[in-house]
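*Asks:* Dropping the structure in here first, questions after.
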Amino acid sequence: MSAFDSYRINERARVARWIVVAAFALLLGAFFRTQIIQHEKFQLKAETNRLRPIPLTPPRGQIFDYLGRIIAENVPGYSVKLLAPSADSLRAVLDRVARVVPLDTADVTEILRRFRSARYQPVLVFGDADFLTVSRLEEHRAALPGLVIQSEPKRKYPAGRAVAHLVGYVGEVTDGDLTRNRYPGATLGSIVGKAGLEQEYDDTLRGSEGVRYIEVNARGRLVREDAGSASLPPTPGRPVSTSIDIDLQAFVDSIWPQGTRGGLIAMTADGAVRALYSAPTYDPNAFVGGIDARTWRALTTDPARPLLNRAIQTRYPPASPFKLATAAMALKRNLVQLDTRMPQPCRGGMKMGNRVFRCWKKEGHGSLDLVGAIAASCDVYFYQVGLRLGLEAILEDGVLMGFRDTTHVDLPNEIAPIFPASTAYFDRLYGPRRWSPPATVLNFSIGQGENTQSLVNMVQFYGALAGNGREPVPHLVRATAASTRDLGLSDAQLDGLRRSLIAVVERGTAAASRRGDLAVAGKTGTAQNPHGKDHGWFIGFAPADKPEMVVGAIMEFAEHGTTVAPYVVQVLRRSILGPEPPAQVPTRVKIVAPADTAPRTIELDPDSAAARAVADSIRQAGDSTTVP
Amino acid sequence: MRLAAIDRQLAWVALALMACGFIVLYSAGQTDVPTAGAGVWRRQFIWFGVGLAAAWAAFQTSPRLLEWLTPAIYGFSLVLLIIVLAVGTGAGTAAGSHSWLAIGSVRIGQPSELAKVATVLMLARYLSSRREPPRSLRDLVAPALIVGIPFLLVLKQPDLGSALVFVGVFFAMMFWCGVRPRLLFMIASPGISLLLAFSNVTWAFWIIGFTAVLFYWRPYVLDGLTFWLLNVASGTVAMPLWHRLAPYQQNRLLTFLNPEVDPRAAGYHAIQSRVAIGSGGWLGTGYTEGPQKRLAFLPEQHTDFVFSVVGEELGFVGVAIALTLFMALLLILVRIARRATDSFSSLMIFGIVGILFSHVFENVGMTVNLMPITGIPLPFFSYGGSFFIICCLCLGLAFRVAWDSRLAGYADV
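Okay, here's the thing in structure tokens:
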């Protein structure tokens with residue numbers, strides 16, 4: 004047939020050859036593009052295909068006290084992780100893990116939740132496994148595919164409960180933290196500081212994560228644990244040196260009365276915090292490697308709120324210690340002198356409009372000068388000082404003295420005190436002319452009313468009294484702001500106030516706490532608490548003639564400041580005189596002292612608007628003792 | 566019979582390809598994790614033996630006898646295809662389909678592989694019996710039926726890859742028997758219309774252009790009208806047809822266009838294969854050392870994607886050598902077809918060229934995403950009995966045709 008003559012068939016064969024050659028050239032071109040031109044890209048994809056990064060936790064920086072003693076350190080520990088291709092296979096492996104080491108269903112649920120948030124990374128099973136757990140798991144390794152056991156530095160706080168509120172604790176960064184970028188540089192699984200110094204100085208302490216690679220197969224199963232090549236060692240965090248005296252801190256913990264809520268701050272006159280304590284406390288070591296759900300629930304549901312740092316995060320009515328602020332305002336404005344006696348001597352109360360404002364001492368103090376009034380904490384005297392000052396002046400000077408602002412102590416979540424900036428506050432709160440300025444003045448002059456302060460704020464104020472009248476910025480590592488607040492008093496005036504505070508301890512409300520070998524100055528206070536027994540204050544400094552240390556404490560439901568005073572005196576003695584010989588372990592001082600606060604005013608007309616306003620203000624002051 | 570007269574080129578290339586195939590298949594089983602391909606290279610030795618026997622038998626068979634037997638072989642393969650549709654089982658890479666013939670639980674083979682050769686034979690017999698190559702649509706009815714019946718039966722299994730091989734065979738043999746290229750173009754035009762129908766704009770351009778071409782070429786009125794109507798019809802049924810495709814087939818076509826659409830499921834093969842090949846570079850990661858293969862990231866690495874192992878472990882150089890061998894094989898077969906003593910032999914060999922070319926181009930092309938992914942084996946490389954034996958059989962036929970033409974003194978034409 005003609006179609007197969009040699010000319011035509013050669014013609015077609017040539018076309019066929021060209022088609023074949025062209026097709027193979029096309030294939031070869033496609034391989035050249037994939038293998039040579041895009042080689043780098045696919046090389047990288049191949050690596051990421053088979054290598055899974057495992058973050059290496061850096062050792063956190065140590066935290067030292069002012070003598071270089073350890074507050075927080077690292078000890079070797081183990082983390083146990085599982086690499087699983089799917090949630091089902093993870094569940095199966097966890098079942099087998101549970102047969103070897105204890106693992107309850109709540110843990111399994113949590114592990115599965117963590118797995119779903121980062122599927123291609125090994126999921127953390129035990130953040131802080133002990134040697135027994137690790138050796139048991141190693142024994143059963145063959146039955147536990149994907150098991151990754153890593154030795155990791157673990158946080159340890161040797162002083163435990165004594166330093167809980169001070170150093171805070173560490174934990175795994177949460178999704179919320181990451182989306183809000185609260186910890187710059189942290190990635191999923193990073194260990195970050197969650198409270199206290201650990202949080203405040205987290206970027207210094209944390210260091211940066213390293214990484215190592217494990218090799219997995221197509222189904223996400225672990226093949227080789229150390230794929231070597233490109234592992235990056237972690238960069239350790241930098242240490243932080245604090246002004247804390249760990250010995251003093253432990254001492255505070257040891258003497259603090261069992262079951263009493265409250266806080267204590269010990270600070271040098273220039274603001275270096277030596278001890279910062281809050282009770283009830285908790286064990287920060289429980290958070291290492293992930294706190295278990297039961298402990299966490301117990302901590303968060305405890306009515307005593309152990310996680311709350313009462314030294315900086317709770318507001319209390321400042322009560323009698325505030326009388327020094329009133330005195331300082333009046334001295335600064337030259338409205339009273341140290342030896343000024345008020346026109347109306349104390350007869351146990353003072354009539355004001357249709358009410359009688361009482362002094363805490365029913366019998367009255369008689370006629371006193373300023374020093375004597377402070378020593379006796381006479382309410383009637385300070386009512387009259389307040390009336391001389393007027394509400395505007397009290398508010399204005401109070402703001403200047405920092406009663407409206409935080410101290411900027413270098414700890415996270417310091418609570419701002421409540422202190423009105425001007426009388427407009429009362430107009431807003433009660434409505435114009437629905438509150439009584441004179442009654443408010445009387446309340447403010449003795450530290451009651453719409454005025455609540457944190458412990459650290461009050462200690463800062465007493466730091467100014469102890470020093471040169473300039474308020475120090477309390478700090479544990481370094482001051483976050485320069486000291487700008489000045490009481491504006493002359494040395495003589497400051498000296499006079501200090502003398503009056505010595506008198507408090509020598510003869511006045513805290514006389515029972517006096518100890519012969521160290522002159523202590525201080526002021527007691529009793530903060531009215533509508534929810535129960537009153538709270539007790541004591542803020543003092545020593546040595547009284549040349550103050551080095553300022554110690555303030557508040558104890559909830561202590562009823563009287565005089566209950567608190569012995570503890571503060573003990574802390575002052577310990578910090579200045581050092582440990583007492585064992586034989587002279589301080590005995591609890593029996594205090595016999597009357598209430599050191601003005602009792603409720605007697606209502607002549609209980610239905611008056613003013614009466615209700617006062618009742619409201621008291622209620623509000625009481626309410627603010629709990630943190631919002 | 567003088568063995569010295571055997572086609573040496575073909576012998577060397579075929580042996581080289583089989584050797585390469587074994588070497589790569591062995592490596593494909595060397596993994597760090599258990600895979601199905603672990604020990605298949607040993608079983609492939611059995612197929613190698615059977616294949617040699619088949620090649621020898623084919624070599625011994627006179628083309629005349631074969632031509633006489635052709636209707637019986639073709640009929641037998643069609644019966645097998647029908648049986649397999651009724652009682653066939655799936656296996657291995659095509660577990661969901663009915664492509665395997667099994668007695669009890671022993672799988673005998675894939676009838677579709679035999680059907681490819683049977684169709685080539687039947688088409689060669691039909692075309693060589695005619696005096697003129699098909700010139701019109703009417704002349705094409707019989708060839709279209711010869712290919713169309715097994716094509717549809719295979720498509721029904723479903724085995725899209727093998728079905729496409731029939732299309733390749735059809736066009737190859739039409740071309741070789743002297744059908745004018747413009748008629749081939751018109752035959753292909755409904756298919757092109759089908760592909761372009763996914764966008765109304767491109768399809769409008771196509772139909773206008775095609776109409777213009779018809780007016781210029783002036784084919785028979787009936788032919789022209791029929792092809793035009795077929796174009797319109799395929800354009801309009803494109804979308805309904807698309808929806809009738811199984812989801813996995815749709816996915817394969819979609820992921821061919823963009824593998825990143827679905828990197829974990831349908832696009833997985835396309836991506837992993839390219840990653841393995843791309844990471845090979847010039848010289849590859851070393852024989853049996855490829856990490857993607859060792860860790861089983863490569864899909865079906867001993868069957869459909871065996872060529873990815875070549876790319877990863879032997880690099881571009883290895884790929885170039887393998888492709889050169891395949892190209893040499895095809896060119897040698899074209900040469901044998903050209904020098905064949907009779908038109909039946911010539912058409913038969915060119916049909917075999919069509920089979921092998923379709924397989925190599927589709928299989929190698931899909932590993933680099935040049936072609937959509939269809940489950941189709943690579944001659945001499947992929948593990949599998951039926952196809953290896955069929956390939957050997959084809960080589961046996963080629964040796965016979967080359968031998969005949971050499972004895973007839975056609976060697977230097």
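Residue numbers (this note's numbering), protein chains in the order written: chain F, 4 to 631; chain P, 566 to 978.
Note that beta-carbon positions come from the ideal geometry of N, C-alpha and C, so glycine has one too.
For clarity, every value in this text was computed on a predicted model and none was experimentally measured.
(1) Using DSSP's beta-bridge definition, name the partner residues of Pro79/F.
(2) Per the DSSP calculation, Trp540/F is bridged to which residue(s)?
(3) Relative to the C-alpha of Gly149/F, which residue among Ala485/F, Leu140/F, Phe447/F, Arg63/F is closest?
(4) Where does Leu267/F sit, in a helix, a strand or coil, going by DSSP?
(5) Where do the ends of the alpha helix (DSSP H) carrying Ile611/P lie?
(6) Which class does Asp489/F belong to by DSSP, given the choice of helix, strand or coil?
(7) Which runs of the alpha helix (DSSP H) at least 4 residues long sit entirely within the segment 297 to 352 of chain F? Give them in chain order.
(8) Indicate the three-state DSSP secondary structure (helix, strand or coil) for Ile638/P in the structure shown.
(9) Of all the CB atoms in chain P, is at least one closer than 8 Å to the CB of Leu267/F?
(10) To the nearest angstrom, how far is it from the Cα of Ala561/F to the Cα of Ile258/F?
(11) In the DSSP assignment, what residue or residues form a beta bridge with Trp847/P?
(12) Could you check the C-alpha separation between Leu169/F and Asn460/F for me, to the nearest Å?
(13) Measuring only the C-alpha atoms, how far is Pro239/F from Leu208/F?
(14) Taking 7 Å as the limit between beta carbons, can you name the residues of its chain near Ile421/F, skipping five residues before and five after?
(15) How many angstroms separate the CA atom of Val126/F from the CA atom of Leu191/F?
(16) Only counting the same chain, and skipping five residues up and downstream in sequence, which positions put a Cβ closer than 8 Å to that of Pro441/F?
(17) Quick check on DSSP: helix, strand or coil for Gly974/P?
(18) Identify each residue in the segment 586 to 599 of chain P for which the Cβ-Cβ distance to at least one residue of chain F is less than 8 Å, and report them in chain order.
(19) Select from the segment 50 to 80 of chain F all residues with a C-beta closer than 7 Å to any C-beta belonging to chain P, and list them in chain order.
(20) In the DSSP output, which residue or residues are listed as bridge partners for Tyr785/P?
(21) Below 8 Å on the Cβ atoms is my guess for Leu479/F versus Leu251/F; work out the distance and round it to an integer in Å.
(22) Check whether the Cβ atoms of Arg20/F and Val899/P lie closer than 8 Å to each other.
(23) Tell me the DSSP secondary structure of Leu943/P in three-state form.
(24) Over what stretch of residues does the alpha helix (DSSP H) that includes Pro708/P continue unbroken?
(25) Can you tell me whether DSSP reads Asp430/F as helix, strand or coil?
(26) Could you compute how far the alpha carbon of Leu582/P sits from the alpha carbon of Asn220/F?
(27) For Glu927/P, which residues in the same chain have their Cβ closer than 6 Å to its Cβ, ignoring the five residues on either side in sequence?
(28) Considering only their Cβ atoms, is the gap separating Pro324/F from Gly528/F smaller than 8 Å?
(29) Taking CB distances under 8 Å as the criterion, tell me whether Ala618/P reaches chain F.
(30) Can you find the residues in the same chain that come closer than 8 Å, C-beta to C-beta, to Leu432/F, ignoring five residues on each side of it along the sequence?
(31) With H, G and I counted as helix, E and B as strand and the rest as coil, what does DSSP make of Gly196/F?
(32) Residues in its own chain within less than 6 Å of Val111/F by CB, not counting five upstream and five downstream?
(33) For a test of the three-state rule: what should DSSP assign to Trp438/F, helix, strand or coil?
(34) By alpha-carbon positions, which one of Arg904/P, Ala905/P, Leu895/P ends up nearest to Ile917/P?
(35) Does the beta carbon of Phe740/P sit closer than 8 Å to a beta carbon anywhere in chain F?
(36) By Cβ distance below 7 Å, which residues in the same chain neighbour Cys742/P in space, the five residues on each side in sequence not counted?
*Replies:* Concretely, from the data shown:
(1) Pro156/F
(2) Gly528/F, Ile557/F
(3) Leu140/F
(4) strand
(5) 605 to 625
(6) strand
(7) 326 to 335
(8) helix
(9) no
(10) 15 Å
(11) DSSP output for Trp847/P lists no bridge partner at all.
(12) 17 Å
(13) 8 Å
(14) Arg318, Glu453, Asn454, Thr455, Ser627
(15) 11 Å
(16) Met355, Gly356, Leu390
(17) coil
(18) Asp597, Val598
(19) Asn52, Arg53
(20) DSSP output for Tyr785/P lists no bridge partner at all.
(21) About 13 Å separates the two Cβ atoms, so there is no contact after all.
(22) yes
(23) coil
(24) 702 to 720
(25) helix
(26) 31 Å
(27) Met936, Ile941
(28) yes
(29) no
(30) Trp438, Glu453
(31) strand
(32) Leu97
(33) coil
(34) Leu895/P
(35) yes
(36) Leu692, Pro698, Leu912
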